[in-house]
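Some notes on the structure that comes next.
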């Protein structure tokens, strides 16, 4: 069991599943940079996270529901939780809103985040959830996610690794890969320096670019 001071944001698990170094830069070193995708995603969640309750077709929808788990050491907000409009709390559906579309590259991190929210809610209410949903705002598509044994184990494994990272304050080294192209922290991370050959090529590009500039455009030190 974790204490209240040790709780980590549920979103940190999604960041770790996407890239451990990105998670370290954000949560250990407290670094952040936006791009168009992060800004659009933040605006979406600002709209979604307006606390409200609605009823439709025998179900109640609750937005911005606070979640926590002492066992996993997590806390956060559920974008939306649908409850049956009856005395017994059964057939609960937890929904996470996303900006774009479901891609193989982002599938695992989205599913881990959603399942972690479900496991927090299960601990809070003493129930078992079989599935939840990802809702993609641009396509207005709702994708169902099964909370399998394997997915639950992935949540527990990533949560454990995030806590270990926070305790050690050791940020993983950069690794250049396909995910780096759309990462808002690329300039801070500098994944090009992760491999000796890539680092040398990266430095050569910088030197050659500077050498190709006209003399008047180069920065020179003023005489003192």
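In the numbering used here, the protein residues as written are 1113 to 1336. Just so it is clear, CB atoms sit at the ideal spot from N, CA and C, and this is done for glycine as well.
Residue nearest to residue i in terms of C-alpha spacing, selected from the options
i: residue 1245; options: 1292, 1269 and 1210; result: 1210
i: residue 1281; options: 1191, 1127, 1133 and 1228; result: 1133
i: residue 1262; options: 1191, 1256, 1224 and 1292; result: 1224
i: residue 1234; options: 1301, 1117, 1264 and 1251; result: 1264
i: residue 1174; options: 1208, 1213, 1300 and 1251; result: 1208
i: residue 1236; options: 1252, 1290, 1181 and 1212; result: 1181
i: residue 1290; options: 1131, 1115, 1253 and 1299; result: 1131
i: residue 1267; options: 1222, 1117 and 1179; result: 1222
i: residue 1113; options: 1195, 1126, 1183 and 1292; result: 1183
i: residue 1283; options: 1126, 1125, 1115 and 1141; result: 1141
i: residue 1217; options: 1249, 1293, 1300 and 1299; result: 1293
i: residue 1126; options: 1219, 1115, 1171 and 1249; result: 1219
Sequence-distant residues of the same chain with beta carbon closer than 8 Å to residue i, five excluded per side
i: residue 1120; result: 1139, 1185, 1186, 1187, 1271, 1274, 1275 and 1278
i: residue 1297; result: 1134, 1137, 1138, 1143, 1144 and 1145
i: residue 1179; result: 1122, 1186, 1187, 1188, 1189, 1190, 1229, 1232, 1233 and 1236
i: residue 1227; result: 1244, 1257, 1259, 1263, 1264, 1266 and 1267
i: residue 1204; result: 1193, 1194, 1195, 1196, 1233, 1237, 1239 and 1241
Cβ neighbours of residue i in the same chain (closer than 7 Å, five flanking residues each side left out)
i: residue 1128; result: 1135, 1270, 1273 and 1274
i: residue 1230; result: 1206, 1241, 1244 and 1259
i: residue 1123; result: 1188 and 1225
i: residue 1303; result: 1286, 1287, 1288 and 1292
i: residue 1300; result: 1137, 1143 and 1145
DSSP bridge partner residues for residue i (one or two, in chain order)
i: residue 1190; result: 1177
i: residue 1253; result: 1248
i: residue 1120; result: 1186
i: residue 1142; result: According to DSSP, residue 1142 bridges with nothing at all.
i: residue 1258; result: 1243
Endpoints, the beta strand (DSSP E) within which residue i is located
i: residue 1209; result: 1205-1210
i: residue 1245; result: 1243-1248
Distance cut-off 7 Å: residue i Cβ against heavy atoms of the ligand SAH
i: residue 1209; result: Although the ligand SAH was asked about, the structure shown includes no ligands whatsoever.
Endpoints, the alpha helix (DSSP H) within which residue i is located
i: residue 1267; result: 1261-1280
Cβ-based neighbour list, residue i, same chain, cut-off 6 Å, excluding 5 preceding and 5 following
i: residue 1117; result: none
i: residue 1193; result: 1174, 1177 and 1206
i: residue 1247; result: 1207, 1209 and 1254
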